[in-house]
Amino acid sequence: MTNILLKPIGIVRTNAPTVPRHWTVSDVEGTIIIDEVYREGLRDIRPGQKIIVLFHFHQSQPFSPENLIQKPPHRNEHLGVFSTCSPRRPNPIGLSVVDVLDIQGSTLRVKGIDMIDGTPILDIKPWIVPDA
Numbered sequence: 053m054t055n056i057l058l059k060p061i062g063i064v065r066t067n068a069p070t071v072p073r074h075w076t077v078s079d080v081e082g083t084i085i086i087d088e089v090y091r092e093g094l095r096d097i098r099p100g101q102k103i104i105v106l107f108h109f110h111q112s113q114p115f116s117p118e119n120l121i122q123k124p125p126h127r128n129e130h131l132g133v134f135s136t137c138s139p140r141r142p143n144p145i146g147l148s149v150v151d152v153l154d155i156q157g158s159t160l161r162v163k164g165i166d167m168i169d170g171t172p173i174l175d176i177k178p179w180i181v182p183d184a
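Following our numbering, the numbering of the sequence shown begins with 53 at its first residue and continues without gaps.
As structure tokens, then:
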């Protein structure tokens, strides 16, 4: 297979001493600081909107075949890695949905962070809810 090279577009900043394991239960606030070269790409993001943040689990332990089956700390069963949100993955990519509280230049103030301080941001996408 072809190797893929990803470059961070920004970084997470938070003062939280501990971070929830999943964005669906997080009320942690912080900032996502996007590199100035990408600032114009943020122009249509507004406070009150949700965004999808793709990030790198940069402090995750390396993946190995024994990690294909894992027991999440909040579950009583072993599951395949692709049925979990574990940071120990073949490609250590995380996904969170956060609420945009404010935007100033290339800095987004957000709520719902489940990333640690210094987490590299790979991409941001809109949270789109289909019409019911």
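Idealized CB from N, CA, C, for every residue including glycine.
Being a predicted model, the structure only gives us computed values, none of them experimental.
From the options, residue whose alpha carbon lies closest to that of residue i
| i | options | result |
| --- | --- | --- |
| proline 139 | Asp151, Lys123, Asn128, Glu129 | Lys123 |
| glycine 100 | Asp175, Asp154, Ser158 | Asp154 |
| phenylalanine 109 | Asp151, Arg73, Val162 | Arg73 |
| valine 21 | Ile121, Val133, Asp96 | In this structure the chain extends from 53 to 184, so residue 21 is not present and cannot be described. |
| serine 158 | Ala68, Leu58, Arg98, Val80 | Arg98 |
| phenylalanine 107 | Asp183, Val133, Ile173, Lys177 | Ile173 |
| isoleucine 84 | Asp183, Pro178, Met167 | Met167 |
| isoleucine 61 | Ala184, Ile121, Leu160 | Leu160 |
N-terminal and C-terminal residue of the beta strand (DSSP E) that residue i is part of
| i | result |
| --- | --- |
| threonine 76 | No beta strand (DSSP E) holds threonine 76; DSSP gives it neither H nor E. |
| histidine 108 | 102-108 |
| threonine 159 | 159-163 |
| proline 178 | 172-178 |
| valine 152 | 145-156 |
Residue i versus residue j - alpha carbon distance
| i | j | result |
| --- | --- | --- |
| isoleucine 104 | threonine 54 | 26 angstroms |
| histidine 130 | glutamate 92 | 44 angstroms |
| asparagine 119 | tryptophan 75 | 23 angstroms |
8 angstroms contact criterion, which residue i and residue j should meet: CB distance rounded
| i | j | result |
| --- | --- | --- |
| aspartate 169 | valine 77 | 19 angstroms between Cβ atoms; not a contact. |
| valine 150 | glycine 164 | 4 angstroms |
Threshold first: 3 residues or longer. Then list the beta strand (DSSP E) segments lying entirely within the stretch 53-92, N to C. 62-65, 81-86
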